[in-house]
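Student:
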Amino acid sequence: MTTPRDLLITTLDVASSRLPGQGDLSLALAGGELIDLLNARAVVLDGDRIVPDESGAVDDRLLNEASAALVRQAPYESVDDWLWRRGRGLAAVYLTDLRSEGQITRRRRSRWAPFGGDRTVLSDTPARRSARERWTSNEPVLTSLGTAIGIRDQEHRQDEQEQQLERLPDVADEAVETVLATVHNAVRDLEAERQRRSIEDAAFDNIWRGQ
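Per our numbering, the sequence shown runs over residues -14 to 196.
(1) Are H173 and D(-2) closer than 8 angstroms when you measure CB to CB?
(2) Note the first and the last residue of the continuous beta strand (DSSP E) segment covering P37.
(3) Output needed for L55: all residues of its chain with C-beta closer than 6 angstroms, excluding positions within five of it in sequence on either side, in chain order.
(4) Alpha carbon to alpha carbon, how far is T132 from V78? Give it in angstroms, no decimals.
(5) Work out the CA separation of V161 and E147 for me, nearest whole Å.
(6) Given 8 angstroms as the limit, is there contact between the stretch 53 to 72 and the stretch 83 to 91, that is, 3 or more CB pairs closer than that?
(7) Work out the CA separation of P111 and V164 for me, nearest whole Å.
(8) How would you label D44, buried or exposed, when you count the other beta carbons within 10 angstroms and need 16 or more for buried?
(9) Going by beta carbon distance, what residues of the same chain come within less than 7 angstroms of R57, once the five residues before and after it are set aside?
(10) Quick check: what's the CA-CA separation for D21 versus L30?
(11) Looking at L48: is its Cβ nearer than 8 angstroms to the Cβ of E18?
(12) Does the beta-carbon of S122 have 16 or more other beta-carbons within 10 angstroms, so that it is buried, or is it exposed?
(13) What is the C-beta distance between I134 and L23, in whole angstroms, given that I count them as a contact (C-beta under 8 angstroms)?
(14) Around the C-beta of W129, are 16 or more other C-beta atoms found within 10 angstroms, so that it is buried, or is it exposed?
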């Protein structure tokens, strides 16, 4: 399994009561892809620029798609630009992929459920157990990505949330550390944009109502 798949499985596993926004998750999944490409030596970082490395190879369909989507001409693409471009709609792509593999299923709710509809349920597979082991062992990359999208906070007290967001787990690889820090910043930027739009919408509603 790959880091993005482990992250999505973990998110569905431990955050089923309050899933992160698809935008947040998509940014983190794009970061997970880039980290796996770095570990496979399919890319290197030159500062914050992603430079493809033809000597590396990956054995995963979606990672191959990510590799094929890399900008291959100087000055190349920054990590931040990659997250926003590659991350667009990526959560839905990975969800569809896991469903096609049988990793997740849709279970119909009781007909007496107040809102009806189906719900996503994780299958009991080796992939789920592997992701859970990686998560519970506090593996630094998955822990950091989970913290970025808020699922780590759901397992800690409310007064620890800000401290968890500010303290990234120790990562030996400087390039991986750069990617993780950029993911955290991108998710914060997205949340700031949501808040700005919410304030603007509220102001517009007040004007419309003559307040």
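Here a beta-carbon is modelled for each residue, glycine too, at the ideal position from N, C-alpha and C.
Just so we're clear, the structure is a prediction, and the values are computed from it rather than from any experiment.
Tutor: Reading off the structure:
(1) The displayed chain sequence assigns Arg, not His, to residue 173. Not in contact: R173 and D(-2) (Cβ atoms no closer than 8 angstroms).
(2) R34 to P37
(3) P37
(4) CA-CA distance, V78 to T132, rounds to 22 angstroms.
(5) In this predicted model, E147 has a pLDDT of only 47, less than 50, meaning its place in the structure is not dependable; the value taken from the coordinates is given anyway. Their backbone Cα atoms lie some 22 angstroms apart in a straight line.
(6) no
(7) 28 angstroms
(8) Classified as exposed, D44 has fewer than 16 neighbouring CB atoms from the shown chains inside 10 Å of its CB.
(9) P37
(10) Between the alpha carbons of D21 and L30 lies a distance of about 13 angstroms.
(11) It is a contact, given that the beta carbons lie within the stated cut-off.
(12) exposed
(13) Not really, about 20 angstroms apart at Cβ, beyond 8 angstroms.
(14) Reading off the sequence, residue 129 comes out as Ser, not Trp. S129 should be labelled buried.
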